[in-house]
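K.L.:
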Amino acid sequence: MGPRCRHPQSAGCGLSSDKPQKPSTKIVTAGRRASLTGPVVNVPIWRASTHLYPDVAALEAGKASNEDGRFFYGRRGSPTQWSLAEALTEMEPGAHGTMLYPSGVAAVACALLSVLAPGDVLLMTDNAYDPSRSFAEGFLKRFGVETRYFDPRATDYDSVFCDRTKAILLESPGSLTFEVQDIPAICAAAKKHNVVTLLDNTWATSYFHTALDKGIDMAILSCTKYIVGHSDVMMGSVTTHAKYWTKLRQTAQQLGQTVSPDDAYLASRGLRTLSLRMKAHEASALQIAKWLQTQADVAAVFHPALPECPGHDIWKRDFTGASGLFSFIHKGDAATAAAFIDALGLFGIGYSWGGFESLALPVHPEKHRSAVPWDKEGTLIRLQIGLEDTDDLIADLEAAFRESGTLT
Ligand SMILES: *Cc1c(COP(=O)(O)O)cnc(C)c1O
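First residue of the sequence shown: 3, per the numbering used here; consecutive thereafter.
1) Alpha carbon to alpha carbon, how far is T52 from L2? Give it in angstroms, no decimals.
2) Quick one, which of L361, A337, W355, I185 has its alpha-carbon nearest L346's?
3) Does the beta-carbon distance from S239 to A60 come in below 7 Å?
4) Using only the heavy atoms of ligand 1, determine whether one of them is closer than 6 Å to the beta carbon of M236.
5) Do you know how far the Cα of V230 is from the Cα of P375?
6) Answer with buried or exposed for S412, where buried requires no fewer than 16 other C-beta atoms within 10 angstroms of its C-beta.
7) When you measure from the CB of Y131 to every non-hydrogen atom of ligand 1, does any distance come out below 6 Å?
8) Would you kindly work out how many angstroms separate the C-alpha atoms of A285 and K194, rounded to a whole number?
9) Indicate whether G326 and I387 have their beta-carbon atoms separated by less than 7 Å.
10) How about A301: is its Cβ closer than 6 Å to a heavy atom in ligand 2?
11) Measuring from the CB of D265, is there a heavy atom of ligand 1 at a distance below 6 Å?
12) Is L276 near H243, with beta carbons less than 7 Å apart?
13) Quick check: does the Cβ of G76 come within less than 6 Å of any heavy atom belonging to ligand 1?
14) Let me make sure I understand the geometry here. Which of L178, P22, W84 has the alpha-carbon closest to that of S37?
15) Assess contact between the region 146-161 and the region 109-122, defined as three or more Cβ pairs (one per stretch) separated by less than 8 Å. Is contact present?
16) Is D393 buried or exposed, if buried means 16 or more other CB atoms sit within 10 Å of its CB?
17) Helix, strand or coil: how does DSSP classify T199 here?
18) So what does DSSP say about T204, is it helix, strand or coil?
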C-alpha cells in the first residue's frame, strides 16, 4: 500500500508497504495488524490460560499447527504478546521472529541454550553484562560448556576462534565501559568458522542500531530498559532470522518461558514513544558528557559519541544515534565518589537504566574482567540520563562536585 493508506490496521498496510518505512514510523505502526489489535489503536490485554475451541477437530488442528499467531494455550501467548513480538521483529530488517522472556537475563540464557551443547566453547566479550558471565560460569559450566573471554577491543578476530567454538556473545557498547566493537568484522570472521553470533543490543536498541543486517544471528534486548522505558516492567527479547528461529522458539517453550499480557501491553505502550525518548536521552546525555569533560574532578568520560571513546569511529559508521547511558572516571577514591553521588538530588541511586528518570551508580569493571584487566585510577561512575531538563541535571552535578569537595 502506498501513501494513501491511513490505518496500519487496514488490510495490506504496514507489513506490505512498497516504500520502506523510516524507523520512527515503524515504531508506531509495527505489530498493529487488525487480527492482533482489533479495531482499537493500542493492543488490548488478552489475559488467558485457556482458549476454547468450537469442537474437537478445531482443537486437534490447533495442536498440529504449532505456530504462533493462533490460540493454543496461554503459555504460547495471546495477541497481546504476539503484537509486541511482531513489532520488535519488524524493527530488525531481515528478522523472522522474536521470542519474549520475563527478563533480559532469561533472554540471554535462552538464546545461548538454543545453540550450545555440552563440549562447545562459548566466546564472550570481556565487557559483557555481569549476569551473562555468571550464567556462563554457573549453569553453562555445569552443562559442559566452556566459556572463554576476549578483549572487547581485539581486532584479530580470526585468532579468537577454535575448533570447538560454537557461539560468540557480543555486547557493544559494553554497559560499564562503553567500548564499541566492530560487529560486521566479527560476524564475517565468525561465519567463516561456523560460529553463531549473538549481540546484547540493549544500549542502542534496534532503533539506533539494527543488528541482523550487520551479520548478527540473534539480537538480544533487555526490554526492561528502553523498550519499556518507565522503570517498572521486567522483560527480555531475542530476535532472529529464519535459520535459528525454530531452535530459539522450541528452547523457550521447553523452558516454559512466558511474559504476562499485562507486561506485554506496557512494553508495547512504551515502545510507541521509543524514538522520541531516545532522541531526548541522546541530546541530553551528550551535552552532559561534554560538560563533564571540562570538570576538574573528571579524569575521563566514556561515551561512544565522543571522539575519545574507544571504538568511536565504529559507532559513527554503524549506529544512527547514542542512548542516555555512559560513564566517567571521578578522580577521587571510592569514598569521595560515593559522597558525590550521595550529594546528587535529581539522580536516583539504583540499578537498571532506560527509564524516564536519571540515575547514578559507582561501577567496578575490575571485578568483572578476566581477559584484560581494568586498571584505571579513580572511581568509575555510570550515569543514566533521563528526561529531566539538561540544565537542571548539570546544575545538580555541579552542586554535587562542589559539596563533595575534592580536588577543585
Ligand atoms: C539490564 C541488562 C540485562 C539484563 O536485563 P534484565 O531485564 O535486568 O534481566 C542484560 N544486558 C544488559 C546490557 C543490561 O543492561
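Idealized CB from N, CA, C, for every residue including glycine.
P.N.:
With the structure as the only source:
1) Since the first and last residues shown for the chain are 3 and 410, residue 2 lies out of range.
2) L361
3) no
4) yes
5) 34 Å
6) Past the edges of the chain, shown from 3 to 410, lies residue 412, and the structure says nothing about it.
7) yes
8) 39 Å
9) yes
10) Of the ligands one can find in the structure shown, namely ligand 1, none is ligand 2.
11) no
12) no
13) no
14) W84
15) yes
16) exposed
17) strand
18) coil
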